[in-house]
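K.L.:
Handing you this structure, nothing more for now.
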Amino acid sequence: MEVLSVASEVYPLIKTGGLADVAGALPLALAETGVTMRTLVPGYPAVVAKLTGGREVAQFDDLFGFRGRLIAGRVDGLDLIVLDVPALYDRPGNPYVGPEGWDWPDNWKRFAALSWVASELGLGLVDGYRPQIIHAHDWQAGLVPAYVKYGPSATLKTVMTVHNMAFQGTYGADVFGQLRLPPHAFSVEGVEYYGGVGYLKAGVECADVVTTVSPTYAAEIRTPAFGMGLDGLLSHRSHTVFGVLNGIDMNAWDPATDKALTRNYTANSLHHRAENKVAVQERFGLEQSNGPLFVVVSRLTWQKGIDLLAGCIDMIVAAGGQLAVLGSGEAELENAVRGAAMRHPGQVGLVTGYNEELSHLLQGGGDVILVPSRFEPCGLTQLYALRYGAIPLVSRVGGLNDTVIDANVAALQAEVATGVQFSPPSEAALADAIKRVLALYADEKLWKKMQRRGMKSDVSWQASAAKYAALYASLIGLDQV
Ligand code: ADP
Ligand code: GLC
Numbered sequence: 049m050e051v052l053s054v055a056s057e058v059y060p061l062i063k064t065g066g067l068a069d070v071a072g073a074l075p076l077a078l079a080e081t082g083v084t085m086r087t088l089v090p091g092y093p094a095v096v097a098k099l100t101g102g103r104e105v106a107q108f109d110d111l112f113g114f115r116g117r118l119i120a121g122r123v124d125g126l127d128l129i130v131l132d133v134p135a136l137y138d139r140p141g142n143p144y145v146g147p148e149g150w151d152w153p154d155n156w157k158r159f160a161a162l163s164w165v166a167s168e169l170g171l172g173l174v175d176g177y178r179p180q181i182i183h184a185h186d187w188q189a190g191l192v193p194a195y196v197k198y199g200p201s202a203t204l205k206t207v208m209t210v211h212n213m214a215f216q217g218t219y220g221a222d223v224f225g226q227l228r229l230p231p232h233a234f235s236v237e238g239v240e241y242y243g244g245v246g247y248l249k250a251g252v253e254c255a256d257v258v259t260t261v262s263p264t265y266a267a268e269i270r271t272p273a274f275g276m277g278l279d280g281l282l283s284h285r286s287h288t289v290f291g292v293l294n295g296i297d298m299n300a301w302d303p304a305t306d307k308a309l310t311r312n313y314t315a316n317s318l319h320h321r322a323e324n325k326v327a328v329q330e331r332f333g334l335e336q337s338n339g340p341l342f343v344v345v346s347r348l349t350w351q352k353g354i355d356l357l358a359g360c361i362d363m364i365v366a367a368g369g370q371l372a373v374l375g376s377g378e379a380e381l382e383n384a385v386r387g388a389a390m391r392h393p394g395q396v397g398l399v400t401g402y403n404e405e406l407s408h409l410l411q412g413g414g415d416v417i418l419v420p421s422r423f424e425p426c427g428l429t430q431l432y433a434l435r436y437g438a439i440p441l442v443s444r445v446g447g448l449n450d451t452v453i454d455a456n457v458a459a460l461q462a463e464v465a466t467g468v469q470f471s472p473p474s475e476a477a478l479a480d481a482i483k484r485v486l487a488l489y490a491d492e493k494l495w496k497k498m499q500r501r502g503m504k505s506d507v508s509w510q511a512s513a514a515k516y517a518a519l520y521a522s523l524i525g526l527d528q529v
């Protein structure tokens, strides 16, 4: 089975969040199920630089007004097709925003071009390559199902995966005329969305199947509180909306071999984590203490509940805990954490910016990973925490609900608990959960048991890759791959 994945970021070439991890890991996991997945990705500088030895497979004289080409090549086991259009993608830094922190004003064109090219690949643009299914990720690839629906192929199928309902790619009606879609596509059944154009809406409307990244989020997004305007549409087509839980790349994230750790370890040598804890304390300017080290690796945004955390920092420190935060995002949330670091020198530390290697060290040295999100489609950091023997403290939403087993009395008795959950996402509920974690941490034996249990839980892609493979097979009328 040939599937073309379309994603605006792919680890290890370009990453701003979990989408890259998923787009990078899924093709490798699918290979074991007999699905061949190639990935179409924009030719940002970081991508073009890593694609050495690629081969030009197509040229465009007028791609939305620009010259460009497709380069096919392999990087770290991934089969890539890179859309190299310097006028659209050869820009420094973050793929979506300019140096001032604002979205690039031509994002509508940058990602329409990506989606249009994907649909052309589906029609056989490149000799010898004809995918049966295009798997589009997030709003940046949201127009793919629309191009396919209004295009000439009756057999090409599309899957739209929503990684985050909060980012929808909505633009004014004025862009429609330049999208290369027929006039009747500007309709409720097509790309029209509240009088403008909605890229994610188009994908959700036009795809053969819609998936999201956890079963709980798949149910949540049919409600107004989580659907962010698309709940009605998702409810309407609920028989073709599925939740498939993300996994993690078990090789890139393995505490036994991870080069970013000061000391490698397994479930049988958890005491070695102490050396990583010391390394984290040094990197974050914290004193060496044996109290619980809480860590955060996250975008610092409202979604991630960082304001809730900010309100609990004083109590963490008062209870003898420490906090190390890696992330960047909204200025006032960064400032709130920075303020706490100034109030509590040696106990609270903040490192801003993006640092892949440090994110691994935090998983290998932190005692508790905090994920107090208001909504969380899946969340990967709690999965890395499970794999690394850090205890996840999470809000009970989305994928956090599906992947962490709360240490309530029943779960402790049944010996299945792997972390702590709280609900609703409020400062008071988080504070209570922190107190529960502190009590668990005080019981060394119990804590170790929970760590080991987490490390044994299946966070791999195996089961979910098989679900995607079965979904693809059902779309093209095969019973099995
Ligand atoms: P989201 O995609 O919503 O940001 P996820 O939990 O799915 O959340 O994925 C976040 C990914 O980005 C994880 O791999 C996490 O380790 C990584 N990450 C987030 N912030 C940083 C940072 N500042 N430095 C390094 N990695 C980060
Ligand atoms: C999004 C979501 C996150 C999810 C990731 C990968 O960024 O916010 O919850 O884990 O996509 O699917």
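The opening residue of the sequence shown carries number 49 in the numbering used here; numbering runs sequentially from there.
For glycine and all other residues, C-beta sits at the position ideal for the given N, C-alpha and C.
Owing to the predicted nature of the structure, the values given are computational and were not obtained by experimental measurement.
How many angstroms separate the CA atom of V529 from the CA atom of W495?
P.N.:
Any reading at V529 must be qualified, since the residue scores a pLDDT of 42, below 50, and its modelled position is unreliable; no value is offered.
K.L.:
When you compare the segment 365-384 with the segment 340-350, are there three or more beta-carbon pairs, one atom per stretch, that lie closer than 8 Å?
P.N.:
The segment 365-384, when compared against the segment 340-350, does touch it at the 8 Å Cβ threshold.
K.L.:
Mind the definition here: the segment 443-452 touches the segment 375-390 only if three or more C-beta pairs lie below 8 Å; say whether that holds.
P.N.:
The answer is no - the segment 375-390 does not touch the segment 443-452, with fewer than three Cβ pairs under 8 Å.
K.L.:
Using a threshold of 7 Å, is the CB atom of E57 nearer than that to any non-hydrogen atom of the ligand GLC?
P.N.:
Outside the cutoff, so no.
K.L.:
Locate the alpha helix (DSSP H) running through D450, then write down its first and last residues.
P.N.:
D450 -> alpha helix (DSSP H) spans G446 to T451.
K.L.:
Beta-carbon separation of L356 and P303 under 8 Å?
P.N.:
No, Cβ-Cβ distance for L356 and P303 is not below 8 Å.
K.L.:
Which whole runs of the alpha helix (DSSP H) in the segment 260-324 are 4 residues long or more, in chain order?
P.N.:
Here the runs fully enclosed are 263-268, 272-275 and 279-284.
K.L.:
My understanding is that Y144 touches N155, with C-beta atoms under 8 Å, so please give their C-beta distance in whole angstroms.
P.N.:
About 7 Å separates the two Cβ atoms, so the contact holds.
K.L.:
Taking G280 as the reference, give the member of T264, A465, A255 and K249 with the closest Cα.
P.N.:
It is K249.
K.L.:
Starting from the N-terminal side, write out each stretch of the beta strand (DSSP E) that is 3 residues or longer and does not extend beyond the segment 423-498.
P.N.:
DSSP runs (the beta strand (DSSP E)) wholly in the segment 423-498: 439-443 and 468-470.
K.L.:
Below 7 Å CB to CB, which residues in the same chain sit around A214 once its five sequence neighbours on both sides are set aside?
P.N.:
Hits under 7 Å: M276 and Q351.
K.L.:
Output the distance between the C-alpha atoms of G172 and L488, rounded to the nearest integer angstrom.
P.N.:
Each residue's alpha carbon lies about 58 Å from the other.
K.L.:
Give the DSSP bridge partners of P393, in chain order.
P.N.:
Note: P393 sits in no beta bridge, so no partner.
K.L.:
Determine the direct distance from the alpha carbon of R484 to that of Y59, and round the result to whole angstroms.
P.N.:
Rounded to whole angstroms, Y59 to R484 spans 36 Å at the Cα level.
K.L.:
Could you tell me if S471 is buried or exposed, where buried requires 16 or more neighbouring beta carbons within 10 angstroms of its beta carbon?
P.N.:
Counting Cβ neighbours within 10 Å, S471 comes out exposed, since fewer than 16 surround it.
K.L.:
For E335 versus Q395, is the C-beta distance shorter than 8 Å?
P.N.:
Cβ distance < 8 Å, so E335 and Q395 count as in contact.
K.L.:
When the distance is taken between beta carbons, is P179 closer than 8 Å to E50?
P.N.:
It is a contact, given that the beta carbons lie within the stated cut-off.
K.L.:
Below 7 Å, is the gap between the Cβ of N155 and the nearest heavy atom of the ligand NAD?
P.N.:
Absence of the ligand NAD from the depicted structure is noted, with the ligand ADP and the ligand GLC being the only ligands included.
K.L.:
Of the choices G353, V385, C254 and R435, whose alpha-carbon is the least far from that of N299?
P.N.:
Comparing Cα-Cα distances from N299 to each of G353, V385, C254 and R435, the minimum goes to R435.
K.L.:
Over the uninterrupted beta strand (DSSP E) stretch that includes H185, give me the two end residues.
P.N.:
Element bounds for H185: I181 to H185.
K.L.:
Does R115 come out as helix, strand or coil in the three-state DSSP assignment?
P.N.:
R115 falls in the strand class under three-state DSSP.
K.L.:
Give me, in chain order, the residues of the same chain whose beta-carbon lies closer than 7 Å to that of V83; leave out the 5 immediate sequence neighbours on both sides.
P.N.:
Closer than 7 Å at Cβ, skipping near neighbours: M49, V51, A517, Y520 and V529.
K.L.:
Leaving aside the five residues before and after L67 along the sequence, list all residues of the same chain whose C-beta is less than 7 Å from its C-beta, in chain order.
P.N.:
So the qualifying residues of the chain are A55, E57, H185, D186 and H211.
K.L.:
According to DSSP, is V236 helix, strand or coil?
P.N.:
V236 falls in the coil class under three-state DSSP.
K.L.:
Taking the alpha carbon of R117 as the reference point, which residue from D109, T466 and I482 has its own alpha carbon closest?
P.N.:
The residue with the shortest Cα to Cα distance from R117 is D109.
K.L.:
By how many angstroms is the C-alpha of Q510 removed from the C-alpha of W301?
P.N.:
Computed Cα separation, rounded: 15 Å.
K.L.:
In terms of residues, what are the limits of the alpha helix (DSSP H) holding R158?
P.N.:
Counting along the chain, the alpha helix (DSSP H) containing R158 begins and ends at N155 to G170.
K.L.:
Give me the Cβ distance between A513 and L74, rounded to the nearest whole Å; I'm assuming they're in contact under 8 Å.
P.N.:
Right, their Cβ atoms sit about 7 Å apart.
K.L.:
Measure the C-alpha to C-alpha separation of K325 and S53 and round it to an integer number of angstroms.
P.N.:
Spanning the two alpha carbons is a distance of roughly 38 Å.
K.L.:
Roughly how far, in whole angstroms, is the beta-carbon of V130 from the beta-carbon of V95, given that I think they are within contact range, below 8 Å?
P.N.:
That belief holds up - the Cβ atoms of V130 and V95 are roughly 6 Å apart, short of 8 Å.
K.L.:
For a test of the three-state rule: what should DSSP assign to L229, helix, strand or coil?
P.N.:
Coil, per DSSP.
K.L.:
Compute the Euclidean distance between the alpha carbons of S235 and N142, then round it to the nearest angstrom.
P.N.:
Going by the C-alpha atoms only, they are around 33 Å apart.
K.L.:
Tell me whether D435, by its Cβ, gets closer than 7 Å to a heavy atom of the ligand ADP.
P.N.:
The identity of residue 435 in the sequence shown is Arg, whereas the question assumes Asp. No; taking the cut-off as 7 Å, the Cβ of R435 has no heavy atom of the ligand ADP nearer than that.
K.L.:
Give the secondary structure of V192 by DSSP, where H, G and I count as helix, E and B as strand, and everything else as coil.
P.N.:
Here V192 sits in helix by DSSP.
K.L.:
Can we say the segment 192-208 touches the segment 222-234, given the rule of at least three CB pairs closer than 8 Å?
P.N.:
Cβ pair count under 8 Å is three or more, so yes.
K.L.:
Take the Cβ of K157 as the centre, count every other Cβ of all protein chains shown within 10 Å, and call the residue buried at 16 or more, exposed below.
P.N.:
Under this definition K157 is a buried residue.
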